[in-house]
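Trainee: Before we start, here is the structure in question, set down as structure tokens.
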DNA sequence: ACAATATGCAGGTAAATGCCTGCATGTCAA
DNA sequence: TTGACATGCAGGCATTTACCTGCATATTGT
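Protein chains in written order, with the numbering used here: chain A, 439 to 542; chain B, 439 to 542.
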């Protein structure tokens, strides 16, 4: 997993919306997705390319159409690597701050 | 929670390293953090400002020093909003793709 | 008080990002 | 086969980002 690509991909509201759209209905074409986006088709394509490079979206050609599918795996890995680590230490970390606020 | 700020903050290797450093030892000063970074102090300051704006880091003044503490809450919220959603549908989403690959 | 230390502020630059338009290619259906 | 449809490619522009340097301010210890 490339954490950098995944976080950068998620760091844009349009791309998060695309993931939401695909979550509602997986396998949509570029055209379908564009109808919900309010930007030029080419801009949407670029966003989808970034999602694909981050492995968050997989595409599949069907004739002249391109179908887009969410790949939930990188998100899971992000969770394992980034969230659980802090989650485990959550109480400790907040405790450190509280101790400082109380004057050591 | 501002998902945009959180993801953008995480979308940079230097800032993720800062979080890792604080995870190892919470409450470090700017100077301490800089020693591990290989960039000008001012650049590190800017990264820390972004982490602070995303509420991932809280600071505390002690004399002329500035102490930095991780705040794990936004990461937890990101997980609740962004990961669990896809996690719940994980098998469904992969199933959609598999079905397409098999020709509907 | 004053020298050393820790951080803040104000630009300035190069590269990356997000958006666009115009044209090209490939596919379907009549 | 040919017109309509779905997508791809190339280039251009404004904004944001990540980095820097130079100087200013605030705190500490002697």
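Built from N, CA and C at the ideal position, the CB exists for glycine as well. Small disclaimer: the values here were computed from a predicted structure and weren't measured.
#1: Entirely within the segment 497-525 of chain B and at least 3 residues each: give me those beta strand (DSSP E) ranges in chain order.
#2: So which residues on chain B does residue 482(A) lean against when the C-beta distance must stay under 7 Å?
#3: If the cut is a Cβ gap below 9 Å, which residues of chain A does residue 498(B) touch?
#4: Going by the beta-carbon positions, is the gap between residue 513(A) and residue 524(B) smaller than 7 Å?
#5: Taking Cβ-Cβ distances below 9 Å as the criterion, which residues of the segment 444-461 of chain A are in contact with chain B?
#6: By Cβ distance, which residues of its chain are closer than 6 Å to residue 507(B), with the 5 residues on each side in sequence left out?
#7: Flag residue 512(B) as yes if its beta-carbon sits less than 7 Å from any beta-carbon of chain A, otherwise no.
#8: Decide if the segment 446-456 of chain A is in contact with the segment 473-481 of chain A; the criterion is three or more beta carbon pairs, one per stretch, under 8 Å apart.
#9: Between the alpha carbons of residue 517(A) and residue 511(B), how many angstroms are there, rounded?
#10: Of the residues 469(A), 537(A), 491(A), 485(A), which one's Cα is nearest the Cα of residue 504(A)?
#11: Can you pull the chain A residues whose beta carbon is under 9 Å from the beta carbon of residue 486(B), in chain order?
#12: Output, in chain order, the set of chain B residues within a Cβ distance shorter than 9 Å of residue 442(A).
#13: Looking at the unbroken alpha helix (DSSP H) that takes in residue 491(A), where does it start and where does it end?
#14: Is there a C-beta anywhere in chain B that falls below 7 Å from the one on residue 474(A)?
Mentor: According to the data block:
#1: 503-508
#2: Those within 7 Å of residue 482(A) in chain B number zero; the least Cβ separation is about 18 Å.
#3: Ordered by position in chain A, the residues that pass the 9 Å Cβ test against residue 498(B) are 535, 538, 539.
#4: yes
#5: Here the close residues are 444, 445, 446, 447, 448, 449, 450, 451, 454, 457, 458, 460, 461.
#6: 464, 465, 496
#7: Not an interface residue.
#8: yes
#9: 14 Å
#10: 469(A)
#11: Neighbourhood of residue 486(B) in chain A, by CB distance below 9 Å: empty, with the nearest CB roughly 15 Å away.
#12: 449, 450, 451, 454
#13: 479-491
#14: no
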